[in-house]
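Below is one structure, written out as structure tokens; the observations come after it.
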Amino acid sequence: MAIKVLIADDAVFMRNMIKEVFESPDFQVVGEASNGIEAVEKYKELKPDITTMDIVMPHKSGIESVRDIIKLNKDAKIIMCSALGQESLVMEAIEAGAADFIVKPFKADKVLEIVRKVVNME
Amino acid sequence: MSDVDLSKYKSLFISESLEHLDAMTQNILDIETAPDKSECIEDLFRHAHSIKGMASSMGYGPIEKLAHHLEDVMDDIRKGRAKATTETIDALLRGHDALEKWVHEVEEAKEPAFAGSEEVIRQVDAFRQAHASAAKQAPAPHPPAAPPAAPEEDFGGLDGEVVKVGPAPAETKASSLSQLLPEWPDDHIKKAEPAPTRQWYISAKLKTDTEAPAARAFLALKRIGNLGKLESKPSIEEIRAGKFDGSFSMQLATDADLSKITAALNGLADLREYQIEPIEAEADRSAPTVAAPTSDIGPAAYEIPHTLRVETRALDRFINMVGELLTVKSGLREIARAIGRPELDGRLDRLESLIHELHSQVMDIRMMPLETITARFPRTVRDLAKQAHKEIEFQLTGQDVELDRAILERLVDPLIHLLRNSVDHGVESPEQRERLRKPRVGKVVLSATREKDFVAIDVLDDGKGIDVEVVKESAIAKGIISAEEAEAMTHEEALMLICIPGFSTSEQVTFISGRGVGMDIVKTTIESLGGTLHVNTQLGRGTRTTLMLPRTVAIMNVLLVRLDPQVFAVPISKLIRTVELKRSDFQSSQRGRMILFEGEPIPVHNLRKLLSMPGESNDRPLYPALVVEHGQRRFALLVDDFMGQEEAFIRPLGRPLSRIEGLAGVMTRGDGKPVFVLDVGNLA
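Taken in order, these protein sequences are the chains called Z and P. In this text, residue positions in the first sequence follow our numbering: the first is 1, and each later residue adds one. In this text, residue positions in the second sequence follow our numbering: the first is 123, and each later residue adds one.
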């Protein structure tokens, strides 16, 4: 069964790039969110296997959204989308319960490697 | 000996061997011309010997064997048993090429096959039998090199790296159960003893190209920490503060068994290697001792070196960190501005100048002499000349001029293109030259000079030059320009026609004009590096191509522009000016919308449309626009707003983004948001 993915990022461009990475029968992008509030709502609604979460988003930051989602499901698998110079924010997100992270600019095979490792995590 | 992890030496083997091979090329060519050959032969012998020694330590039999046989040929020359004829030189070059191919195979292949090695070695031997008068009687000049340092079965598999399997020897307290990623097969894990509530010592190293390494280590400690009680070095707090150099170790008290620990470690990305060892209750807790290699690899082992070999990726990491510092600095400045504390400005200025200093120091380390790539060119020109039946004297000057290694890497192909053009199409055949009363031997020169922040590289020849009239005629015939346009062109403009894609691919044109294939690619590559290309020619006298290249890359002044809701960056160097246009400024023509800029009509494009972004710019009194200059072209790009200038560190894009046309890289702003840098020149 395809792995269900939710993509949370305020930039359409970034969402499209990430969607392209998941263009394979192994994955199904079930939803997209353009801010933190929407990300939490969509998570509740769609119950994805994997959520990719931009750190910096309007209305509610990615880190706050991770906290909210982990409250709903402590085993939620969230992968943070970070950029150069955001190491401390990434650590904060991990502290909040994020399972892993990827660094922009994304390399497709690297993203998939990390997603697969997270999916296979106990 | 089987404890030595040969994988650690593999990259060193490759880099050192390639250096020796480069030096060998020069030595071999020198033998042909140098009056005193003995010194060249000595050098050559030493390089081959070093390669032989290293290859034997690594267990690369065929490399060791061929290097040994080449030594024999050299020894024959040294001892006067053979002459350094053109055939001898060719034989040495062939052997050299085979060695080089195999070293690259070691670099690239999981299990190097060294295909055809028997045949190459046989050929070298046959050559020696045929050419060395006393070779048959002469005893082998050297004892064979030491047997391979490690048994064959310890080598190979996982990229030729060492994998050790099985329980640790009982007599060592902290014996290592070393293993390498990516995967430890499950059946091996099951063979390991389960260990209820035990202490483990775990050490790990991240890959050198790990992005956000401190965050990666942080994640590792969190995951392992979930299994039990953890003490780590560096501590979580230290890692949080960025005190992290790529490796970490920890002591874990857990009732989870070994398979759980390895599963947790295997679930982590970017781990280069790790070791897990049980700690017995009475065992001393010092770090495990790893047996030092018992054989030296390379002559450097005998003396304290004055220089250190640094992996280029380590330098990239440095640059990335400088980039992060710049990001943090801009963030601080924004905060200082927002909270209105001008007294911070002085300290921020100081911080800025320190970062600049650090940046220039790191950039200096990245600089490498042009020689790094041109050392092979005499050989290239020799081969090309031989193929084309030309007689050519090749001169290299200014080889100590330094450029950023990233630029050097991309210069190899363009320079070879230019040299090939000079040899194939520039310099005439010896007979022709004699008829033209030119010296029989043609001249090709590659020279480099530094001009402030730029380096000028000239490739010139004394060949037949380019007939500009023929170039124009061909361009008209191909429909690239009209006869009127050709009439109006300057000599220089007409010459640049050879750089238009589609112009130079025709056999006929190549033949007539004397300039050939791929000039468009050369020009594009040079421009993508921020450089320019000029061609200068005199009919019957020769051609000079001049490349002007920036010495360094990476930090750039950009203008941030908004295209709601996105922000993009445009390199300032590509802009002539920013303007604000009124509706009445736009004029329509057959070539689309135009505006008058400095008295000349230039086309106007909507950047939003060029980027295929949805939405329309609203009607407004003033339209902000960028005036861009790209090569000879000027055009204006409409944007939603200007957001100010920033000094940015530009990172190249990885796949799949690198395939998108019009993106030059990515930068990070003070707020941590990534911003794409547009290659505006190639957008319109």
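Where is the CB? At the ideal position from N, CA and C, for every residue including glycine.
Hey, does residue i have any beta-carbon neighbour from chain P nearer than 8 Å?
{"i": "P105/Z", "result": "yes"}
{"i": "I94/Z", "result": "yes"}
{"i": "I114/Z", "result": "yes"}
{"i": "S82/Z", "result": "yes"}
{"i": "K117/Z", "result": "yes"}
Between which residues of its own chain and residue i is the CB-CB distance below 6 Å, once the five residues before and five after are set aside?
{"i": "G364/P", "result": "A336"}
{"i": "A859/P", "result": "Here chain P has residues from 123 to 806 only, and residue 859/P is not among them."}
{"i": "L540/P", "result": "V581, T667"}
{"i": "H59/Z", "result": "N35, G36, I37"}
{"i": "E222/P", "result": "L143"}
{"i": "L303/P", "result": "Summary for L303/P: the model assigns pLDDT 28, below 50, so the residue's position carries little reliability, and this model does not support an answer."}
{"i": "F690/P", "result": "V683, F798, L800"}
Can you look up residue i in the DSSP assignment and give me helix, strand or coil?
{"i": "E722/P", "result": "strand"}
{"i": "I401/P", "result": "strand"}
{"i": "E474/P", "result": "helix"}
{"i": "G636/P", "result": "Because the pLDDT at G636/P is just 39, under 50, the model does not fix this residue reliably, and the value given afterwards should be weighed accordingly. Here G636/P sits in coil by DSSP."}
{"i": "S596/P", "result": "helix"}
{"i": "E783/P", "result": "coil"}
{"i": "V111/Z", "result": "helix"}
{"i": "V577/P", "result": "strand"}
{"i": "V450/P", "result": "helix"}
{"i": "A33/Z", "result": "strand"}
{"i": "E702/P", "result": "strand"}
{"i": "D281/P", "result": "Reliability fails at D281/P, whose pLDDT of 34 lies under 50, so the model's placement of it is uncertain and no value is given."}
{"i": "V797/P", "result": "strand"}
{"i": "I163/P", "result": "helix"}
{"i": "D144/P", "result": "helix"}
{"i": "N679/P", "result": "strand"}
{"i": "T494/P", "result": "helix"}
{"i": "Q86/Z", "result": "coil"}
{"i": "D392/P", "result": "coil"}
So which residues on chain P does residue i lean against when the C-beta distance must stay under 8 Å?
{"i": "A11/Z", "result": "P687, Q688"}
{"i": "E64/Z", "result": "Those do not exist, as E64/Z stays about 15 Å from chain P at its closest Cβ, beyond 8 Å."}
{"i": "N120/Z", "result": "G389"}
{"i": "D100/Z", "result": "L341, A391"}
Give the residues of chain Z in contact with residue i, contact being defined as C-beta atoms less than 7 Å apart.
{"i": "F440/P", "result": "Going along chain Z, no residue has its Cβ under 7 Å from F440/P, so there is no contact; the nearest lies around 14 Å."}
{"i": "F340/P", "result": "M91, I94"}
{"i": "A336/P", "result": "E87"}
{"i": "K344/P", "result": "I94"}
{"i": "V799/P", "result": "Simply none; closest approach about 11 Å."}
Does any residue of chain Z have a CB that is nearer than 8 Å to the CB of residue i?
{"i": "T330/P", "result": "no"}
{"i": "K731/P", "result": "no"}
{"i": "E738/P", "result": "no"}
{"i": "G368/P", "result": "no"}
{"i": "E446/P", "result": "yes"}
{"i": "V683/P", "result": "no"}
{"i": "R756/P", "result": "no"}
Using a cut-off of 7 Å between C-beta atoms, extract the partners of residue i located in chain B.
{"i": "E333/P", "result": "Looking for chain B here will not work: the only protein chains present are Z and P."}
Which same chain residues, not among the five before or five after residue i, have their C-beta less than 8 Å away from its C-beta?
{"i": "V523/P", "result": "P491, L492, A570, T571, R572, V577"}
{"i": "F366/P", "result": "P335, A336, A339, P356, E360"}
{"i": "F708/P", "result": "R715, M716, I717, V726"}
{"i": "V118/Z", "result": "I50, K77, I79, A99, D100"}
{"i": "R562/P", "result": "E513, P552, R555, E556"}
Given that residue i touches chain P, what residues does it touch there, using C-beta distances under 9 Å?
{"i": "V29/Z", "result": "In chain order: nothing, as chain P lies at least about 16 Å away."}
Just the chain Z side, please: which residues come within less than 8 Å of residue i by C-beta, in chain order?
{"i": "K795/P", "result": "V56, A83"}
{"i": "R362/P", "result": "S88, M91"}
Beta-carbon within less than 7 Å of residue i's beta-carbon, same chain only, minus the 5 sequence neighbours each way: which residues are those?
{"i": "E315/P", "result": "With a pLDDT of only 42 at E315/P, under the threshold of 50, the placement of this residue in the model should not be trusted; the figure read from the coordinates follows. Once the five neighbours on either side are set aside, E315/P has no close Cβ partner at all."}
Please compile the residues from chain Z whose C-beta is within a distance smaller than 9 Å of the C-beta of residue i.
{"i": "R742/P", "result": "Within chain Z, no residue comes near R742/P; the closest Cβ sits about 23 Å away, beyond 9 Å."}
{"i": "V788/P", "result": "A83, L84, K104, P105"}
For the ligand NAP, any of its heavy atoms closer than 7 Å to the Cβ of residue i?
{"i": "S569/P", "result": "As for the ligand NAP, it is missing from this structure, which has no ligand bound."}
Q. Which runs of the alpha helix (DSSP H) fall wholly inside the region 334–366 of chain P and span at least 4 residues, in chain order?
A. Segments of the alpha helix (DSSP H) lying fully in the region 334–366 of chain P: 335–347, 358–362.
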